[in-house]
Amino acid sequence: MIVAIILAYDFPPYVSVGGLRPYSWYKYFHLFDIYPVIITRQWANKYRSYKDYVAPGISQNTIVEKTIDGTIIYSPYNPNLSNRLILKYGENRMKIIRKIISGWFEFYQWVSLSGAKAKIFEIAEEYIIKNKVDIIIATGDPFILFKYAAILSKKYQKPFIADYRDLWSLNTEKKSKLLFYWNKYLEKKYVKKAICITTVSEFLRDKISEIFNKDVYIVNNGYDEDNININIITPPKDRLSIAIAGTIYKWHPYKIFLNTINNLYIQKNIKIELWFWGVNNEFEIKQYIEEFCIGIKSHVHFHPRLENEVVLQKLKESHLLLLFNYFYFMGTKIYDYIGLKRCILFCFSNDSEAIELKNKYYPIKDYLGQNDHLQEDLIEKTKSGYVIKDKWHLEDVLMNLDKELKTKGEIECNSINVEQFSRKRQAEVLVNIINTIIKK
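Listed below in structure tokens is the structure:
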């Protein structure tokens, strides 16, 4: 059996979409005769908020979980001074001091095998010395894992796959030219040692291919069919229910959406319930509702972060799943949505106010000739929802859906060909890539 070491910083029990990708490899690789060994860090999940990312692990000792499916090794984690300040004072205090300290640690980890993440390297090296290992996979962000994998690959003559969940240097281009060139140097230095690259979409493949002259394969994110098919859940019949889960970014036009829902309630007496599951800016959204959308205050509900399998069941309780435009990126959320077979409400394809937000806050520059409507294409290809042009179109669609619910007692979702996006199917895609490498 092929043994694959997987360096993955985000990993369950930490609640993160980034951790679901390597977790699916752990869960399904053994079905295709690959034994996965996950090297990650400990997660206490004490706060159910952003603080979990910087909080200490649960033990000063390495924790090993071994099953027939694979092995998970959790390294101890001790937060640096910047992170300890967040835990003590919150994210809104001592920002400048924390930024300086974080910048120092971020820089120093690249010139020395040190820092809070270095334990992952030490444990991976120890495992390689003592056990049979055929291949190394590092999944980033954080991209320091690519450095660790490159060093281990060279030292122990093991092929290394660099798995990009996001762009590296190109993600910093709009923030700082100095940061961009520093990351570009690091990216070229370490990823050139990879035998191949995997990533999550056509756009990332094309941009990465501009940097490296090597094979770049697409291994999509996906949905976990085991978690989605646990229970049969019926949404309410007396009112429309819309849900959204996860991070809301600055370029997301949530205010436009809330205004539309509020107007429909005040002017048309259409009651729509909104459920926010594990969003990052609950306080900000509540403030906006209090000031500008008071009519729907009692119809909007918030819940802290939940494990993926739990939040999926909660999402099934709604008729519609809200998805904001990610433009060049597909993201992870869309796959869970199509797997749930609830209609997606995609906002927006061409709203003037939303475009202003994108121009101001979207983290990467526009690329002429690149497809910036990946999500729209997938929704239309799978017939899994509504691509909403602007706030006026949103209002029309919601009024029609309200009528459909009152007439039929349900909102139908007749999606097609979604099975290809299951996590199991995508794990098999990566397995085929690994087998090709090992057989060379």
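Note that this note's numbering has the sequence shown beginning at 211, numbered continuously upward. A virtual CB, placed ideally from N, CA and C, is assigned to each residue, including glycine.
Would Thr542 pass as an interface residue toward chain C - the criterion being a Cβ-Cβ separation below 8 Å? Included in the structure is just one protein chain, with no chain C present.
Whether or not the stretch 263 to 272 and the stretch 235 to 245 are in contact is what I'm after, with contact meaning three or more pairs of Cβ atoms, one per stretch, closer than 8 Å; do they touch? no
Among the candidates Trp487, Asn490, Ile452 and Ile643, whose CA atom is the shortest distance from the CA of Phe556? Ile452
Which word fits Gly488, buried or exposed, when buried means at least 16 other C-beta atoms lie within 10 angstroms of its C-beta? buried
Contacts around Leu522, its chain only, beta-carbon distance under 7 Å, and the 5 residues preceding and following it disregarded: Asn437, Ile438, Asp546 and Leu550
Of the residues Lys402, Asp448, Asn581 and Val274, the one placed nearest Lys618, counting alpha carbons only: Out of Lys402, Asp448, Asn581 and Val274, Asp448 has the C-alpha closest to the C-alpha of Lys618.
Per-residue burial, Leu241 [other beta carbons within 10 Å of its own, 16 or more giving buried]: It counts as exposed.
Is it true that the stretch 217 to 233 meets the stretch 305 to 320, where meeting means three or more beta-carbon pairs spaced less than 8 Å apart? The answer is no - the stretch 305 to 320 does not touch the stretch 217 to 233, with fewer than three Cβ pairs under 8 Å.
Span of the alpha helix (DSSP H) holding His603? Lys601 to Lys618
For Tyr400 and Lys357, I'd like the C-alpha separation in whole angstroms. 6 Å
In three-state DSSP terms, what is Lys368? In the three-state reduction of the DSSP assignment, Lys368 falls in the coil class, being assigned neither a helical nor a strand state.
With respect to the beta strand (DSSP E) encompassing Thr646, which residues constitute its N-terminal and C-terminal limits? First-last for Thr646: Arg633 to Lys649, but that is the alpha helix (DSSP H), not the beta strand (DSSP E).
Nearest neighbour of Val274, chosen from Gln252, Thr542 and Tyr263 [CA to CA]: Gln252
Separation of Asp612 from Ile346, as counted between CA atoms: 51 Å
Strictly by DSSP, which residues pair up with His511? Trp485
In angstroms, rounded to a whole number, what distance separates the CA positions of Lys465 and Ile283? 43 Å
If we call anything under 8 Å between Cβ atoms a contact, is His511 one with Ile482? In this structure, Ile482 does not lie closer than 8 Å to His511 by Cβ.
By DSSP, does Tyr475 sit in helix, in strand, or in coil? helix
Can you find the residues in the same chain that come closer than 8 Å, C-beta to C-beta, to His513, ignoring five residues on each side of it along the sequence? Around His513, the same chain offers Trp485, Phe486, Trp487, Gly488 and Lys524 as residues with beta carbons nearer than 8 Å, after the five sequence neighbours per side are excluded.
Please report how far the alpha carbon of Ile338 lies from the alpha carbon of Glu563, in whole angstroms. 53 Å
Going by alpha carbons, who is nearest to Glu335 out of Arg375, Lys365, Ser324 and Tyr577? Closest in C-alpha terms to Glu335, from the list Arg375, Lys365, Ser324 and Tyr577, comes Lys365.
Nearest to Ser528 by CA position, among Leu450, Ile248 and Trp320, is which residue? Leu450
Beta-carbon gap between Leu468 and Ile504 smaller than 8 Å: Contact flag unset, no.
Taking 8 Å as the cut-off, does the stretch 414 to 430 touch the stretch 453 to 460 (at least 3 CB pairs, one atom from each stretch)? Touching, no.
Limits of the alpha helix (DSSP H) - the one that Val321 falls within: Note, Val321: alpha helix (DSSP H), Lys305 to Val321.
List the whole-angstrom C-beta distance separating Ala348 from Asp373, where the pair is believed to meet the contact cut-off of C-beta under 8 Å. 7 Å
Pull up the distance between the alpha-carbon of Pro289 and that of Leu604, whole angstroms please. 44 Å
Extent of the continuous alpha helix (DSSP H) run through Gly228: Counting along the chain, the alpha helix (DSSP H) containing Gly228 begins and ends at Val227 to Tyr238.
Could you check what DSSP says for Ser285 in three-state terms: helix, strand or coil? strand
Endpoints, the alpha helix (DSSP H) within which Ala218 is located: Ala218 -> not in any alpha helix (DSSP H); beta strand (DSSP E) instead, spanning Ile212 to Ala218.
Using the rule of at least 16 other Cβ atoms within 10 Å of the residue's Cβ for burial, across every protein chain shown, is Asn271 buried or exposed? exposed
Can you give the Cα-Cα distance for His462 and Cys553, rounded to whole angstroms? 19 Å
Residues that Arg251 bridges to, as DSSP identifies them: Assignment of beta-bridge partners to Arg251 by DSSP yields Ser285.
Gly300 (DSSP reduced to helix, strand or coil): coil
Cutoff 6 Å; reference Arg633; Cβ partners in own chain excluding five residues on either side: Hits under 6 Å: Ser234, Gly432 and Asp434.
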